[in-house]
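Read through the structure below, which is laid out as structure tokens, and then see the notes.
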Amino acid sequence: METPLYSYYLNQLGNNDRPEFMEKYLETPCLKRLKKVAYFCGMNRASKNVYHFKEYITRYDHSLSVALLTWKLTHDKKTTIAGLFHDIGTPCFSHVIDYMNKDYANQESTEEYTEKIMRNDEYLLKYLKEDDIAVEDIIHFKQYSIVDNHRPRVCADRLDGVILTGISWTKDVEYHDIKNIIEDVTIFLNEDGELEIGFSTLSVAKRVLDISNRIDLYCHSNEDNYMMELLADITRKAITSRIVTYHELYTLNEDELFKRLKNSDNPEILDSLVKFETITMDQIPQTVVLNVKVRDLNPLVGGIRIKQSEKE
């Protein structure tokens, strides 16, 4: 039997030899909740006529692989832990909630709960104290340019997202792609004097760009915009009907939330759920136009920006 691509990816990142300090953090309640928050914004529950994911990947999986990639490149404990918890503020349905909040372009409206969630996890606070790491250093993960930076630059979060999406959604990432990318990836000092993930080989960087461009097409497709808006509308109605509170989107997992939705006596929500789960491609209207975030990349290759101008 073939090894699942995500498992193979973890192996390439050195998961079998991951640092011992990570183990206790992997068991924190706030991080374990993400085991039941799907990476693809709840669309694993959508109509199979629209989505055909190759593997089930969660926000926990993404957090783990971002941390492993960060460790592989830096061997820095604090930066690695920041990478592990960078998505801790992810609500149920992930970026669907950004759609609900009309934050189509940046998709950052849900990050407001990051600090609250971390400070409310007594185990996380205990482990950070044991390791002499201030919780503020993990809350403000964007200070670590290896973990997170501005597009079109490459960081662990962004590169991992390309690989995971290529594995499961667009299905154009194979074993050799993963091996080539992970063996080629390295760190450079960029034009602003910040550490940035880049590539040693032009062909590998171009392959990552090809995968990323295909993902951008999928994320701007009419059917994806429609389905994201549909689930956003279901969630909005559930909040209005007091089936769930906005705050609970950050404390429940998706199994718990879907159970509430399914047990609702609101006919509008139940009808919309049926549509969400069974709609066919020809039933999706062709008029869904949203200003969705552009997933552009302009990586460093050998320390030089692949496009001479980031405006290209």
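Everything in the sequence shown is counted per the working numbering, starting at 91 for the first residue and increasing by one.
For glycine and all other residues, C-beta sits at the position ideal for the given N, C-alpha and C.
Under the three-state reduction of DSSP output, R395 falls in the strand class. The DSSP-derived three-state label of G288 is strand. With respect to F289, I324 sits apart: the two C-beta atoms are not nearer than 8 Å. Taking the CA atoms as reference points, I187 sits about 31 Å from L103. Around the beta carbon of L121, 16 or more other beta carbons sit within 10 angstroms, so the residue counts as buried. DSSP, reduced to helix, strand and coil, places A328 within a helical segment of the structure shown. Each residue's CA atom was taken as its position, placing N106 and T330 some 46 Å apart.
About 6 Å separates the CB atoms of M133 and M317; that is less than 8 Å, so the two are in contact.
Rounded to whole angstroms, the Cβ separation of L158 and R108 is 6 Å, and the two are in contact under 8 Å.
For T291, the CB contacts under 6 Å within the same chain, skipping 5 residues up- and downstream, are D274 in chain order. Under the three-state reduction of DSSP output, L279 falls in the strand class. Under the 10 Å beta carbon count, D345 is surrounded by fewer than 16 other beta carbons and is classified as exposed. Judged by DSSP in its simplified three-state form, L103 adopts coil rather than helix or strand.
Annotation note: the region 163-228 contains the following uninterrupted alpha helix (DSSP H) runs of length 4 or greater, listed N- to C-terminal: 167-174, 186-190, 204-209 and 212-220. Distance from the Cα of A128 is smallest, within the candidate group T93, P181 and T170, for P181.
Note that the region 133-146 does not touch the region 165-173; fewer than 3 beta-carbon pairs, one per stretch, sit closer than 8 Å.
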